Structure formats: C-alpha cells, structure tokens
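Taking our numbering, the leading residue of the sequence shown gets 673, the next gets one more, and so forth.
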Amino acid sequence: MSKVMWVGRATVFLVGLAVVFALIVGMASTALGANGKPFLLGKRNVASAVSSIVKRGAGPALRLGVGSGPPLAVNSSKQVANLNADKVDGKDVSQIGVRGLERVSVDSADNSASPKQQSIDCPTGKVLVGSGYDLSGGKAGTAPNAQSDLVVDVNQPTLNAKGETTGVLIEAYEIAPTSDNWNIRVFGICATAPS
C-alpha cells in the first residue's frame with residue numbers, strides 16, 4: 673500500500689475518532705454542566721443532582737409571575753408533599769363537599785290517632801342534607817285502587833342553636849276518620865357539619 677493512501681486512511685480515522693470523542697465529551701458536559709453553576713434564565717438547565725433554592729430570612733424563596741397560563745409545569749402526575757393545593761375559593765378541602773353521610777329514621781306510634789307528628793334529629797355534629805317520609809296504613813280499598821285516608825300537612829326543617837338545619841318534623845292527619853292503624857316513618861340524611 674502506498675504511503676499516501678496510508679496517510680489518507682490514518683487521517684480519516686483520526687478525524688472520525690476526534691468527532692466521536694467530541695460527541696461523548698459534549699454529552700457528558702451537558703449532563704453535568706449545570707451542577708454547581710447558577711440557573712440560566714430563559715435556557716434549559718440540565719443537572720445530574722437535585723437543585724435547591726434556600727433562602728435565609730422572611731419571605732418566599734421563589735416567586736413565579738406569568739402573564740397567562742399555569743406558573744409551573746411538571747412532567748408527572750404524582751402528588752408532591754407540601755406542594756399540592758388543598759383550598760378552593762379560600763375553603764379548606766375538609767369544608768368542600770358532603771362528608772360523613774349517615775341515614776337516620778324514626779317511626780311514629782302505630783295507631784289511629786289523628787293528627788300524628790314525628791321528627792328526626794341528626795347526630796351531634798351533623799346537619800340535615802335530605803329528608804323524606806312514608807305513610808304506612810290508613811288506606812281504603814284494595815290494590816291496585818287503594819286510596820290513602822291520610823295527608824301530610826307539615827314538612828318542616830328544625831334548626832339547632834347555631835341556625836343549622838339538623839332535623840325535620842312531619843305531621844299528617846286523617847282526611848276521613850278511619851279506625852285503621854297507621855304511622856309515619858321519617859327519614860333523614862345527615863352529613864358532617866361544615867367547620
């Protein structure tokens with residue numbers, strides 16, 4: 673092989689080796705380039721270690737101000753301790769929605785007395801979020817044409833000392849006197865009172 677050809681091949685090999693070396697060193701320096709250096713604003717900052725902002729004294733360590741859109745973007749849906757918001761319109765998460773649902777019910781006496789009242793009260797610390805009633809007995813005729821001799825004339829919420837609705841009162845009476853026994857079952861759906 674001629675000396676010129678050998679020199680040409682050696683030159684191509686050395687240039688190729690230099691390019692590969694430059695690429696490897698360039699990638700490594702990009703991966704490690706931000707460690708120990710200041711954040712570059714408006715640029716992509718890459719680091720192989722966790723970056724921290726520590727502020728001594730009062731006030732926030734970081735303030736983000738943007739014209740529109742979210743002030744911070746992440747590439748994960750994981751919750752971060754001490755970072756996720758737990759307030760909506762100034763209310764704590766414990767004050768939003770219905771919590772601690774509990775169904776309560778009470779039956780009145782089962783007799784022919786008229787009028788008849790029955791009320792329910794939610795357990796302490798709970799408020800009424802829904803109510804209902806069922807009249808049992810006091811019907812004339814046979815199914816499917818039975819008609820009730822009863823009518824409800826009072827369906828009234830009851831309040832506690834704070835003015836919160838904590839119960840309901842139902843009153844019914846016989847439209848036409850009947851000797852049949854009947855009763856009122858009152859239902860309440862209670863939930864934890866907002867704090």
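The beta-carbon is built from N, C-alpha and C at its ideal position, and this holds for glycine as well. Please read these numbers as outputs of a predicted model, since none were measured by experiment.
In this structure alanine 844 touches proline 787 by the C-beta definition: roughly 7 Å separates them, less than 8 Å. Of all alpha-carbon atoms in Arg735, Arg716 and Val718, the one lying nearest the alpha-carbon of isoleucine 725 is that of Arg735. For the pair of segments examined, the stretch 805-824 was found to touch the stretch 846-861: the number of CB pairs separated by less than 8 Å reaches three. In this structure, alanine 865 places its C-beta atom within 9 Å of the C-beta atom of valine 799. For alanine 863, the uninterrupted beta strand (DSSP E) run begins and ends at 854-864, by DSSP. For glutamine 789, the secondary structure class from DSSP, reduced to helix, strand or coil, is strand. Note that the C-beta distance between valine 826 and glutamine 789 is below 9 Å. Using a 10 angstroms sphere on the CB of threonine 838, the tally of other CB atoms reaches 16 or more, which defines it as buried.
Spanning the alpha carbons of serine 803 and proline 743 requires a straight line of approximately 45 Å. Secondary structure at valine 778: strand, using DSSP grouped into helix, strand and coil. In the DSSP assignment, lysine 759 is bridged to Asp764.
When the Cα atoms are used, serine 820 and isoleucine 861 turn out to be separated by approximately 26 Å.
Annotated three-state conformation of serine 723 is coil, per DSSP. Bridge pairing for asparagine 783: Trp854 [DSSP]. Taken atom to atom, the span from the alpha-carbon of proline 710 to that of arginine 716 is near 12 Å. Here the alpha carbon of valine 776 sits roughly 24 Å from the alpha carbon of alanine 785. Inclusion of serine 791 and valine 840 in the CB contact set at 9 Å is warranted, their separation being smaller than that value.
If you ignore the 5 residues before and after proline 829, its C-beta comes within less than 6 Å of the C-beta of Thr837 and Val840, all in its own chain and listed in chain order. Valine 801 is positioned such that its CB atom lies no closer than 9 Å to that of valine 778.
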